[in-house]
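Take a look at the structure set out below.
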Amino acid sequence: MGTPPGREPTMRTERDAQRLPAELSHSAELEALASDDRHPRPPGWHLSAQAVRHFILGGPATPDRPACRRKIFGNDLAVERAIVTLAGQRGLLLVGEPGTAKSLLSELLAAAISGSSTHTVQGSAGTAEEQIRYGWNYALLLKEGPSERALVPGPLHRCMSLGCLLRFEEITRCPVEIQDSLIPVLSDRVLHVPELGDDAMLLSRPGFNIVATANLRDRGVNEMSAALKRRFNFETLLPIRDPAAEAELVGREVDRLLAEDGIGARLPPDVSQLLVQVFQELRAGEALGVRLEPLSSVLSTAEAVNVAYSAAAEAWYFGDGSAQPEHLLRHMSGTALKDDADDRKRLTDYLRLLRGKRGNDPGWKRLLDGERWL
Ligand SMILES: Nc1ncnc2c1ncn2[C@@H]1O[C@H](COP(=O)(O)OP(=O)(O)OP(=O)(O)O)[C@@H](O)[C@H]1O
Ligand SMILES: [Mg+2]
């Protein structure tokens, strides 16, 4: 696919990169989708809405579409509504618990819709307006005064002039007045540049829109101004409920990460199934008909991937190259049980319950053997 418009290559070769953005890692699928796409494309989009959906939710080959792998699990309706929102003139705000694929979905949407997912603002308490809108080349500014030449476009300026999606990560971590600077952009699709003259402004090109994410555990969306909330459609991403889908995803993600890191270990499917069952029961706060005290740690799919990856990496560096059930608990303390000492007790209560009811099953027995390392 080459370098997407507006994105300068920063690596000598793509093989130098530790992780490729979605438009490069899925370039074959995106190219095939674009060349077979017979459906109407919203103004400024690289693909039709149907092709974007097929890219993200996957599906078999048809006469006008190549086969695509599913990339987002268990949130089909939210994905469809997100695509519809972005084709209109309201921004999209993806909300949810940590690790529910908000950033992944925003990356996939930007890659499919605009051909580039790297126009991104990372929101934080220290994010300043110049990092979002535009700044100045101070040497030129002092020499010539404010001019087009001295203006250094920020991600918002670039996306408006190119007509592509701006990703705004963790928007609610920014001070409210910084968030509110997006209101005129979202309502009038115009960015005023008063330094260049009273009427100086940038009008956005078709295809421009904003896809933002917000984490429910950090500073929440409740502090966002009502005026800004009204300019976004909210979509909540939920943890994956189907154990088979979650186990498939964990297996696939761990294989991908191991390959990226040059690790030849493998994660047997029965090990990822056991891990997912543990995560689903702890998340639901119920196992074998018994209520459990919920853990305060976030037991997201992303954390399940981390536990499984660490177990497989350990097997590669110190074992026989194949992750086993007993390795799982050994890695839960560093990845899933982070900072609350009471979580360890809650987990051991759960394991005691399992020992009584499932201790005779060979797979569960091996998993429980790992408790000595907790
Ligand atoms: N529903 C899902 N479909 C596909 N992948 C998922 C899903 N839920 C979690 N994942 C996995 O979780 C990983 C991390 O997701 P991501 O970083 O996008 O989460 P997030 O919601 O942005 O989290 P945070 O709030 O911490 O930023 C993904 O790369 C993927 O492996
Ligand atoms: Mg995120």
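Position one of the sequence shown corresponds to residue 0 (numbering that gives the first Met the number 0), numbered consecutively onward.
In this text, a Cβ means the ideal position worked out from N, Cα and C, and glycines have one as well.
(request) Can you tell me which of the three DSSP states Asn208 falls into? (result) It is a strand residue.
(message) Tell me whether Thr212, by its Cβ, gets closer than 7 Å to a heavy atom of ligand 2.
(response) Flag set: Cβ of Thr212 near ligand 2.
(message) Can you tell me which residues form a DSSP beta bridge with Leu190?
(response) Its beta-bridge partners are Leu201.
(message) How far does the alpha helix (DSSP H) with Leu155 in it extend, from its first residue to its last?
(response) Run containing Leu155: Pro154 to Leu161, per the alpha helix (DSSP H) assignment.
(message) Restricting to Cα atoms, I'd like to know which of Asn74, Met331, Ser34 and Lys344 is closest to Glu291.
(response) The sequence as given places Leu at residue 291; Glu does not occur at that position. Sorting Asn74, Met331, Ser34 and Lys344 by C-alpha distance to the C-alpha of Leu291 places Lys344 at the top.
(request) State the DSSP-derived secondary structure class of Gly171, mapped to helix, strand or coil. (result) The sequence given here places Thr at residue 171; Gly does not occur at that position. Helix at Thr171.
(message) So the candidates are Pro41, Leu164 and Arg64; which of them puts its Cα closest to the Cα of Glu28?
(response) Selected option, being the one with the closest Cα: Arg64.
(message) Are the CB atoms of Leu274 and Ala307 within a distance shorter than 8 Å?
(response) Cβ atoms of Ala307 and Leu274: closer than 8 Å.
(request) Classify Ser271 as helix, strand or coil using the three-state DSSP reduction. (result) Correct three-state label for Ser271: helix.
(message) Can you tell me whether Gly1 is buried or exposed? The criterion is at least 16 other CB atoms within 10 Å of its CB, across all chains shown.
(response) Residue confidence is low: Gly1 scores 47 on pLDDT, short of 50, so the model does not pin down where it sits. No coordinate-derived value is stated.
(message) Tell me which residue opens and which closes the beta strand (DSSP E) that Asn74 is part of.
(response) The continuous stretches of beta strand (DSSP E) do not include Asn74, and DSSP gives it neither H nor E.
(message) Between which two residues does the beta strand (DSSP E) holding Trp135 run?
(response) If you look at Trp135, you'll find it in the beta strand (DSSP E) that goes Tyr133 to Trp135.
(request) Just mark Leu202 as buried or exposed, buried being the case when its beta carbon has 16 or more other beta carbons within 10 Å. (result) Per the 10 Å Cβ criterion, exposed.
(request) Determine the direct distance from the alpha carbon of Gly250 to that of Asp241, and round the result to whole angstroms. (result) Put simply, the backbone Cα of Asp241 is about 14 Å away from that of Gly250.
(message) Val94 and Thr300 - do their beta-carbons sit closer together than 8 Å?
(response) Cβ atoms of Thr300 and Val94: not closer than 8 Å.
(message) So that I know if they touch, is there some Cβ in chain C lying closer than 8 Å to that of Arg157?
(response) The structure shown contains no chain C; it holds only a single protein chain.
(request) To the nearest angstrom, report how far apart Asp368 and Glu325 are at their CA atoms. (result) Using only the alpha carbons, I get a separation of about 6 Å.
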